[in-house]
Amino acid sequence: MNESARPATKTVDLTRVPNFIGGAFVEGGGTTFENRFPATDEVVSVVTEASSDDVDRAVSAARKALKGPWGRMSIPERVALLRKLADGINARFDEFLKAEIRDTGKPVSLASHIDIPRGAANFNVFADQILTVSTETFEMPTPDGAGALNYALRLPRGVIGVICPWNLPLLLMTWKVAPALACGNTVVVKPSEETPSTATLLGEVMNEVGIPEGVYNVVHGFGPGSTGEFLTRHPDVDAITFTGETVTGEAIMGAAAKGVRPVSLELGGKNPAIVFDTADLDKTIEGLGRSCFANTGQVCLGTERVYVQRGIFDRVAEALAEKARAYAFGDPFSKATSMGPTISRVHQKKVLSYYEKARAEGATVLAGGGAPEVDGFEKGYWVQPTVWTGLPESSAVITDEIFGPCAHLTPFDSEEEGVALANDSPYGLATSIWTQDLSQAHRVAKQIEVGITWVNCWFLRDLRTPFGGSKSSGVGREGGVHSLEFYTELRNVCVKL
Ligand SMILES: O=C(O)C(=O)/C=C/C=C/O
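Last residue of the sequence shown: 497 (full-length UniProt numbering), numbering continuous.
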C-alpha cells in the first residue's frame with residue numbers, strides 16, 4: 001500500500017453523482033439534473049451540477065496540489081502511481097463497466113472490449129512514454145573560446161482543463177488525464193452531462209492508489225453558462241483539452257484566447273472511406289461495417305461517406321446494407337446485443353431528422369431509415385443502422401456530421417475523382433482507403449486532407465502515433481510524444497562555460 005494512499009472511501013453513491021474536489025466527494029452548489037439509461041429512458045441517477053464557486057474551488061485545489069507532494073514527485077514516482085491507476089480501474093472493472101453502460105447504453109460487448117480496457121491502458125501507455133522522453137542540448141562556440149551549453153527543461157504546464165465527450169467517456173477522458181498527470185500537471189475534468197459516472201468513480205480510485213488530493217478533480221454540468229464555460233474561462237487554468245463538436249471547440253478556443261492558453265481540440269468529422277476496385281471486398285465490408293455502425297455510429301472517427309469505384313459499387317452497397325441489417329438491438333447488458341441506443345432522446349431525434357431529410361430528398365434507402373421496435377426496451381433512444389445512395393453531394397446528409405449509424409454511398413470512376421470527393425468537406429479528421437494496390441494506397445493517403453488515414457483497416461490504434469484532426473476537425477495532436485508536447489512546456493537554459 002502506497003504510504004501516501006488514503007484508505008478507500010466508501011464506494012461513491014452513483015445514484016446521486018457528486019463532484020470530486022480536493023480528494024473529496026461534494027454535492028454541487030448548482031442545480032441537480034437527471035441522468036437517464038438510454039435503453040429504457042429510466043432515470044438512473046441525479047447529478048449535482050457544480051457552481052462557479054465549485055469550479056473555482058476545484059481549480060484552487062489543483063493549483064495547490066502542484067505546490068504539494070505531487071509537484072515534488074520524481075517521474076518514476078509518478079509513473080508508479082499511474083500504473084496503480086491502471087491496476088485500480090482493472091480491479092474494479094465490473095463497476096466501471098456497469099457505470100459506463102448505464103450512462104451510455106452501449107452494449108457490454110463493446111464497453112468490455114474497448115471502453116474500460118483502454119480507459120485503464122491509457123495510464124500505462126503514458127507511464128511508458130514519460131519514462132523515455134528526452135529533451136535537447138546544444139553546445140555552441142563563443143568568441144572567447146569557452147563556449148556555451150544550451151539545454152531544454154520539460155516542465156508541466158500546470159492546471160489543465162479537460163472537457164470530454166459522451167461517446168467513449170472513460171477512454172477519452174483518461175486519454176487526456178493520463179498524459180497530463182504523467183507530465184506532472186493537475187486536472188479539472190468536466191465530463192459530458194450525459195455520462196458523469198466513470199469520471200466520478202475514478203476519483204475513488206485516485207484516493208485508493210494515493211494520488212494526492214487536488215491532482216484530479218471532477219466538476220459536473222453543462223457548457224455555456226455552466227461548468228464548461230466556468231472552467232474554460234477560469235483565469236487560473238493553464239491549458240484546455242477538449243474532444244467534441246466543432247462549434248463547441250470554436251467557443252473554447254475563443255475562451256482560451258484570453259490569457260493566451262494553449263488548446264488541444266479533437267473536433268467533429270464527416271469521415272470518408274474510399275473503396276477502389278482492387279480492394280479485398282471481405283476485409284473492406286468487415287471494416288466498413290465497424291467504421292459506419294460501431295457504437296451506434298457515435299465515434300468521431302466513424303465513416304458517414306463511402307466512395308466506391310463504379311465497377312464494384314453494387315456489390316459493396318448490397319454487402320454493407322446486409323451488414324446493417326444484421327445488427328441485434330436489445331438489452332445493453334446482454335452479450336447478444338450488438339447495437340445499443342443513441343445517447344439521448346435529443347440525439348436520437350437529430351439522427352432520425354437526417355433519416356427523414358434523406359427520404360424527403362429521394363435517397364435510395366438500402367437498409368434501415370427509421371427507428372426499430374425493441375421488445376422490452378420500447379422507450380429507448382433507438383435508430384436503425386442505415387445505408388443510402390442516390391443523393392447529391394450537396395445534401396445535408398452528406399455534408400453534416402450526423403454522428404449516427406448511417407452512411408451514404410457514392411460511386412466514382414477515377415482515382416482523382418475519388419480523392420476530390422473525399423476532400424470536399426470542411427472537416428478533416430479521419431479516412432480509410434481500401435485497395436490492394438499499395439502504390440495507390442500511399443499516393444492517395446498523402447492527398448487526403450485528414451489527421452488520420454487507415455489503409456485496409458479502421459480504428460487500428462498505435463497510441464504512440466499523432467492523433468487529431470485537420471481543418472475544422474481540430475487543432476493539435478495527442479498520442480505518444482505529441483501528448484507530452486501539449487502537456488509540458490519547454491524552457492531553454494543557456495549556460496556560459
Ligand atoms: O483511440 C483513441 O485513443 C481515441 O482517441 C479515440 C477517439 C474516438 C473518438 O470518438
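Note that the Cβ used here is the ideal one computed from N, Cα and C, for glycine as well.
Per DSSP, reduced to three states, the secondary structure at A127 is helical. R359 is the residue among G119, R359, V260 whose C-alpha sits nearest the C-alpha of G370. At least 8 Å separates the beta-carbon of L97 from that of V79. For E489, the uninterrupted beta strand (DSSP E) run begins and ends at 488-496, by DSSP. V79 has its CB no nearer than 7 Å to any heavy atom of ligand 1. The C-alpha of A178 is placed about 11 Å away from the C-alpha of V162.
Three or more beta-carbon pairs separated by less than 8 Å are not found between the region 482-493 and the region 188-204, which leaves the two stretches without contact. The Cβ-Cβ distance between G380 and A39 falls below 8 Å. The Cβ neighbour count for L82, taken over all protein chains shown within 10 Å, is at least 16; the residue is labelled buried.
By the Cβ criterion, the region 434-452 is not in contact with the region 389-401, since fewer than three pairs of Cβ atoms, one from each stretch, lie closer than 8 Å. Using a 10 angstroms sphere on the CB of P69, the tally of other CB atoms stays under 16, which defines it as exposed.
When DSSP assignments are scanned along the region 26-109, the uninterrupted stretches of alpha helix (DSSP H) that are 4 or more residues long and fall wholly within it turn out to be 52-66, 69-72, 75-91, 93-104.
Between the region 117-127 and the region 229-242, the count of C-beta pairs closer than 8 Å stays below three; the two stretches do not touch. Burial check for R72: the Cβ neighbour count within 10 Å stays below 16, so the residue is exposed. Residue pairing by DSSP places N150 opposite F138, C494 in a beta bridge.
For N167, the CB falls within less than 7 Å of some heavy atom of ligand 1. Fewer than three beta-carbon pairs drawn from the region 471-489 and the region 337-355 are found closer than 8 Å, and the two stretches are therefore not classed as touching. Taking the Cβ of W458 as the reference point, every heavy atom of ligand 1 lies at 7 Å or farther away. Annotated three-state conformation of V263 is strand, per DSSP. The C-alpha of R305 lies about 11 Å from the C-alpha of I402.
DSSP places T227 inside the alpha helix (DSSP H), whose first and last residues are 227-232.
Boundaries of the alpha helix (DSSP H) harbouring K323: 313-325, taken from the DSSP string. Excluding its 5 nearest sequence neighbours in each direction, D41 has C-beta neighbours in its own chain below 6 Å: K379, listed in chain order. Here the distance from the Cβ of R461 to the nearest heavy atom of ligand 1 is below 7 Å. Sixteen is the threshold: when 16 or more other Cβ atoms of the shown chains lie within 10 Å of the Cβ of S483, as they do, the residue is buried. With respect to T198, W166 sits apart: the two C-beta atoms are not nearer than 8 Å. Between the alpha carbons of K496 and A146 lies a gap of roughly 8 Å.
With fewer than 16 other Cβ atoms from the protein chains shown falling within 10 Å of its own Cβ, E139 counts as exposed. Taking one beta carbon from each stretch, the region 254-269 and the region 49-58 have fewer than 3 pairs nearer than 8 Å; the two do not touch. Here G88 has V205, E208, V209 as same chain residues with Cβ atoms under 6 Å from its own Cβ, once five neighbours each way along the sequence are excluded. Ligand 1 approaches F467 closely enough that one of its heavy atoms is under 7 Å from the residue's Cβ. With distances taken between CA atoms, N423 lies nearest to G269 out of G214, E286, G269.
As for any beta strand (DSSP E) of minimum length 3 sitting wholly inside the region 422-464, the runs are 430-434, 452-455, ordered along the chain. Per DSSP, V306 is one residue of the beta strand (DSSP E) stretching across 303-309. Beta-bridge partners assigned by DSSP to P411: V308. Relative to the non-hydrogen atoms of ligand 1, the Cβ of L172 comes within a distance shorter than 7 Å of at least one.
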